[in-house]
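Here's the structure, in structure tokens; my notes come after.
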Amino acid sequence: RERKRERERERERESEREREMAEKAAVVCKEVLQGLDDDVLEYISGVVLDDDQILPKEELVEVVAPLLVSSEFVSDEAEAEAVATRLWDALHNAEGVNKEKKPDVVLLKNAVLMGGKEPEEESVAKLVDVKVDPMLKRRGGNAFACATQEEEIDVHSKAAIAKARLDAKAEAKRQAAKQEHERQMLAMEEELEQARRSVALSRIAGDAAGEISVVESECFDLPNPGGGENLLEDANIRLVSGHRYGLIGRNGKGKSTLLRWIAARRVKGFPSLMSMHYVAQEIPLAAINEGIHPVDMVLKADIERELLLERQKTLERDAMSDGGTSHESALKLADVVERLMAIDADGSEGRARAMLVSLGFSEELLSRPMKALSGGWRVRVALAAALFAKPDILLLDEPTNHLSIDGVLWLQRTLATSMVWKSRIVVVVSHDRMFLDAVCTDMLHISGIARRLTHHKGNYNEYEERRKEMQATYAKSTELREKRREKLLEYTRRQGRAYTLSGTIAAKMMRVKMIDKLDAEAEKEEDEFAFLEEDQELELSIKGGGVLPLPIARFYNVSFGYPDCKPLFQGVEMCIDAKSRVCLLGENGVGKTTLVKILMNLLEPTSGVVERDLGARIALVNQHHADQIDLNLTPLHWMHSQFPGDGSYQHEQELRKQLAQCGVTSELQTTRASCLSGGQRSRVALAAVSYTKPHLLIMDEPTNNLDIESVDALSEAVLNFDGGVVLVSHDQTFVSAVAKEVWVLGGGVLKKEESFEAYRKKIMKQLKE
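In terms of UniProt numbering, the numbers along the sequence shown are unbroken and rise by one, the last being 769.
Put into structure tokens, the structure is as follows:
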């Protein structure tokens with residue numbers, strides 16, 4: 001009994017020592033890793049000790065360094081390893097923490113000769129490193145019998161568990177950020193709704209905005225929502241009625257932010273009696289609107305009509321209650337009816353329905369409540385509502401992203417030719433050059449380098465031509481100035497110490513002043529024309545698998561339909577090879593994605609035959625292709641995770657070369673993906689596609705998240721791609737540059753068009769009729 005009590009006391013003392021050492025280790029970790037996320041800090045504090053001892057330095061660094069990188073505590077691996085090493089040193093020097101790890105019980109490689117001399121070549125130092133469960137040692141179990149490699153503490157498993165925790169936490173943060181963004185957008189929409197209602201009430205009362213032909217803001221700074229330097233400084237904006245402005249600039253430089261600020265009336269100088277409607281790239285749905293149908297959502301946007309109808313009901317009810325004897329009420333009712341007739345209130349539902357049909361809505365979609373529509377269709381409803389409301393200022397952020405080519409052409413023609421918009425102001429962000437050329441009368445350019453907003457008359461093509469001229473002029477001016485400067489310097493050097501007379505000294509001083517003046521001019525011009533160079537895009541190269549002797553896929557009388565549903569398409573006859581440049585057009589929901597899945601062998605046709613070259617490599621690039629990248633990794637590490645290879649230096653250089661060919665510079669290759677722009681992440685994803693050298697590249701709306709310059713680079717890469725391409729896109733400029741064949745899917749039939757330009761002209765002719 002006494003021995004048993006002694007063993008219990010020993011276990012208690014051991015537990016107390018373990019607790020104290022764990023507490024001291026936690027204190028050291030907190031001191032060294034100040035600012036680290038609490039959950040990660042708690043986890044690291046728990047793994048730096050093994051069986052009450054500090055982990056060996058190499059092992060601790062291997063466990064801790066990846067956690068520091070993935071939690072964004074440090075920027076790269078080298079820094080993470082340095083911090084982890086500093087942590088080990090601090091633990092090693094701390095009082096009350098055991099400095100050296102006890103040697104694990106191990107199996108001897110060979111028997112040890114008791115009382116005899118061990119052979120030198122088989123020294124006891126050469127042991128098999130088989131670790132033993134420390135709990136077995138404490139319980140006095142048969143350590144040698146139970147020792148097994150599977151019971152070794154797996155450092156990589158610890159890191160994987162920690163990474164899973166961090167990934168879950170990062171995903172929770174992303175979801176929280178998304179919800180917060182939706183909350184802010186809903187709050188802004190409610191604010192805009194109140195502002196529109198106020199304007200409508202004022203107009204009904206006779207306090208209309210009048211003939212406000214010019215809106216000029218006060219000077220303002222545009223803060224960066226993500227923190228850091230302002231996106232714009234000391235900017236101002238001047239808008240004229242009847243003008244349609246294209247807002248351009250590189251991704252992440254403030255285009256969407258500026259539209260939101262104008263919409264929220266944070267940019268001062270916009271008259272309160274001017275109505276404003278803003279359509280964002282994504283539309284959150286308020287709970288109150290979930291059960292409303294698309295046509296009713298559009299009708300709600302005309303607040304003046306809604307208020308007049310409400311007033312008409314009120315006046316009619318009052319007239320019924322007083323027997324219609326009130327002359328004043330009768331006059332008010334007559335005035336309201338006259339206003340309703342003037343705005344053709346009775347025809348409003350028909351106009352709203354026609355507008356939605358022009359944007360691609362079928363009768364089935366029109367019958368759905370808003371909550372049953374996808375995000376893309378909700379954006380179309382918001383776009384129709386904005387057009388239907390006819391605001392004084394219309395703000396559109398990438399309005400073509402969720403439209404078909406037919407819808408884009410309808411919107412393009414509506415904005416450019418409708419009399420409604422010839423007396424109003426339109427500001428639109430778009431990555432489609434042809435759309436901007438057809439719609440816009442002026443361009444507004446945001447310079448990320450100069451943090452300046454500049455105005456340019458004419459459409460995008462005219463702006464681009466002037467920009468090239470300015471670049472040539474600036475280059476010539478810089479060259480001449482450098483030549484003058486070099487001549488002055490050379491003359492001054494030649495004279496050397498010959499300057500002795502006052503006149504020659506004065507001449508020297510004059511030349512110094514002239515050089516200073518040239519330098520000042522250069523500095524001023526560099527600042528003034530900085531925006532000329534920032535829109536330059538790095539080259540993009542996508543490697544292909546080359547030409548194959550057989551077609552990649554050949555369709556023979558292919559049909560497809562889901563059970564108990566009308567067939568999506570029938571009788572498809574098409575051939576895709578490694579030289580194809582095919583564009584699939586058609587409204588959303590007609591079966592383009594299904595046809596692509598059959599091409600990729602992800603679906604089998606209901607009837608017909610598809611002959612495939614099973615050796616062909618097929619890669620898919622869609623509008624969400626950049627979302628696959630782990631934001632906690634650098635592009636180089638992510639490429640390693642996708643293509644581990646043999647781990648050699650040569651393999652890493654190959655991955656670096658692939659990233660560089662896709663425009664991911666050496667600096668960006670070691671920058672965490674969370675710090676990259678959307679366009680830069682798209683390039684990383686394309687590098688992964690390029691590494692596989694596909695024979696066929698399938699691209700589903702690849703330009704949605706790109707800016708104009710990135711679309712140009714992608715177009716060039718696709719044109720030079722050594723393989724076949726099948727493209728689904730609404731971007732007229734991209735399709736025009738890339739497609740050699742155009743196929744249109746609609747009404748269950750796939751039909752080949754003469755060319756994209758011929759198809760555009762046909763649709764535009766139909767719109768005019």
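Every residue, glycine too, gets a C-beta built ideally from N, C-alpha and C. Keep in mind it's a predicted model, so treat the numbers as computed, not measured.
Residues that residue i bridges to, as DSSP identifies them
i: I393; result: M276 and I425
i: I698; result: L620 and V726
i: I576; result: A553
i: E753; result: V742
i: L584; result: V728 and W743
i: E182; result: For E182, which the question treats as bridged, DSSP gives no partner whatsoever.
Alpha-carbon spacing of residue i relative to residue j, whole angstroms
i: K137; j: E16; result: Caution is warranted here: a pLDDT of 34 is assigned to K137, below 50, making its placement in the model unreliable, and the coordinate value is therefore given only provisionally. Taking the straight line from one Cα to the other gives about 18 angstroms.
i: L655; j: I542; result: 13 angstroms
i: E20; j: E191; result: 57 angstroms
i: L767; j: W410; result: 7 angstroms
i: D221; j: N230; result: 7 angstroms
i: E709; j: H445; result: 13 angstroms
i: N632; j: S677; result: 14 angstroms
i: K332; j: L315; result: 8 angstroms
i: L107; j: P66; result: Note that L107 scores a pLDDT of 46, beneath 50, so its modelled location is shaky; the value from the coordinates is reported in the next line. Roughly 32 angstroms between the two C-alpha positions.
i: Q642; j: I576; result: 28 angstroms
i: E754; j: L453; result: 42 angstroms
i: R413; j: A737; result: 22 angstroms
i: A319; j: D344; result: 24 angstroms
i: E59; j: A25; result: 16 angstroms
i: M341; j: I204; result: 14 angstroms
i: A688; j: E701; result: 18 angstroms
i: E182; j: H695; result: 41 angstroms
i: F73; j: L36; result: 6 angstroms
i: M470; j: S423; result: 32 angstroms
i: G249; j: V420; result: 28 angstroms
i: Q194; j: A286; result: 15 angstroms
i: S217; j: T400; result: 28 angstroms
i: I199; j: I303; result: The question names Ile, but residue 199 is Val in the sequence shown. Roughly 9 angstroms between the two C-alpha positions.
i: E18; j: D38; result: 22 angstroms
Top-ranked residue by Cα proximity to residue i, from the options
i: E573; options: R244, G608, T593 and I552; result: G608
i: Y691; options: S682, L659 and E716; result: L659
i: K255; options: S275, L232 and E465; result: L232
i: V298; options: S348, L273, P271 and D577; result: S348
i: G747; options: E482, K476, M370 and K566; result: K566
i: R467; options: S477, L532, S423 and D437; result: L532
i: H243; options: S45, I425, K761 and V610; result: I425
i: E757; options: V749, F734 and L750; result: F734
i: I44; options: V214, V64 and M699; result: V64
i: G571; options: E10, L750, D302 and V69; result: L750
i: K597; options: V726, M419, T670 and S198; result: V726
i: L247; options: G458, G350, K752 and H402; result: G458
i: L309; options: E364, L201, S275 and R683; result: L201
i: S418; options: S404, A438, R13 and Y460; result: A438
i: N224; options: V267, K253, R13 and I212; result: K253
i: G407; options: T257, E611, A354 and E526; result: A354
i: E364; options: R380, P294 and A352; result: P294
i: M764; options: A416, N93, E180 and C675; result: A416
i: I237; options: R265, R485, S648 and W638; result: R265
Residue i beta carbon near the ligand ZN (any heavy atom closer than 7 angstroms)
i: S75; result: Questions concerning the ligand ZN fall outside what the structure shown contains, since it holds no ligand whatsoever.
Any chance you could list the beta strand (DSSP E) runs of at least 3 consecutive residues sitting entirely within the region 212-238, in chain order? Qualifying beta strand (DSSP E) stretches, in chain order: 214-216, 220-222 and 232-235.
Three Cβ pairs or more, each shorter than 8 angstroms: is that satisfied between the region 537-557 and the region 713-729? A contact between stretches requires three or more CB pairs, one per stretch, nearer than 8 angstroms, and the region 537-557 meets this requirement with the region 713-729.
Please specify which runs of the alpha helix (DSSP H), each continuous and at least 4 residues long, are wholly inside the region 304-330, giving them in chain order. The region 304-330 contains no whole alpha helix (DSSP H) run of 4 or more residues.
Three Cβ pairs or more, each shorter than 8 angstroms: is that satisfied between the region 345-364 and the region 249-264? The region 345-364 vs the region 249-264: no contact.
When you compare the region 575-583 with the region 741-754, are there three or more beta-carbon pairs, one atom per stretch, that lie closer than 8 angstroms? They touch, by the three-pair rule.
At a cut of 8 angstroms, does the region 29-42 reach the region 81-98 through at least three beta carbon pairs? These segments touch.
With a cut-off of 8 angstroms, do at least 3 Cβ pairs link the region 508-522 to the region 474-490? Remark: three or more beta-carbon pairs, one from each stretch, lie closer than 8 angstroms, so the region 508-522 and the region 474-490 are flagged as touching.
Does the region 587-603 come into contact with the region 556-569, if we say contact requires no fewer than three beta-carbon pairs (one atom in each stretch) closer than 8 angstroms? Yes: the two stretches touch, three or more of their Cβ pairs being nearer than 8 angstroms.
What alpha helix (DSSP H) runs, 4 residues minimum, are completely inside the region 621-685? The region 621-685 contains these whole alpha helix (DSSP H) runs: 635-642, 649-661 and 666-669.
Inter-stretch contact at 8 angstroms, needing at least 3 Cβ pairs: the region 388-404 / the region 418-431: Note that the region 388-404 touches the region 418-431; at least 3 beta-carbon pairs, one per stretch, sit closer than 8 angstroms.
For the region 271-290 against the region 369-377, are there 3 or more C-beta pairs whose distance is under 8 angstroms? Touching, yes.
Write down every uninterrupted run of the beta strand (DSSP E) in the region 437-479 whose length is 3 residues or greater and which is fully enclosed by it, in chain order. Listed in chain order, the complete beta strand (DSSP E) runs (minimum 3 residues) inside the region 437-479 are 442-447 and 452-457.
Cβ contact (3+ pairs, closer than 8 angstroms) linking the region 549-558 and the region 661-674: Output reads no: the region 661-674 does not touch the region 549-558.
Taking contact to mean 3 or more Cβ pairs, one atom from each stretch, closer than 8 angstroms, check whether the region 299-311 and the region 377-394 are in contact. Counting Cβ pairs under 8 angstroms, three or more are found: they touch.
Which runs of the alpha helix (DSSP H) at least 4 residues long sit entirely within the region 344-421? Give them in chain order. Here the runs fully enclosed are 348-358, 363-366, 375-389 and 405-417.
Please go through the region 186-211 and give each complete beta strand (DSSP E) segment of 3 or more residues, from N-terminal end onward. Every candidate beta strand (DSSP E) stretch fails here, since none sits fully inside the region 186-211 while reaching 3 residues.
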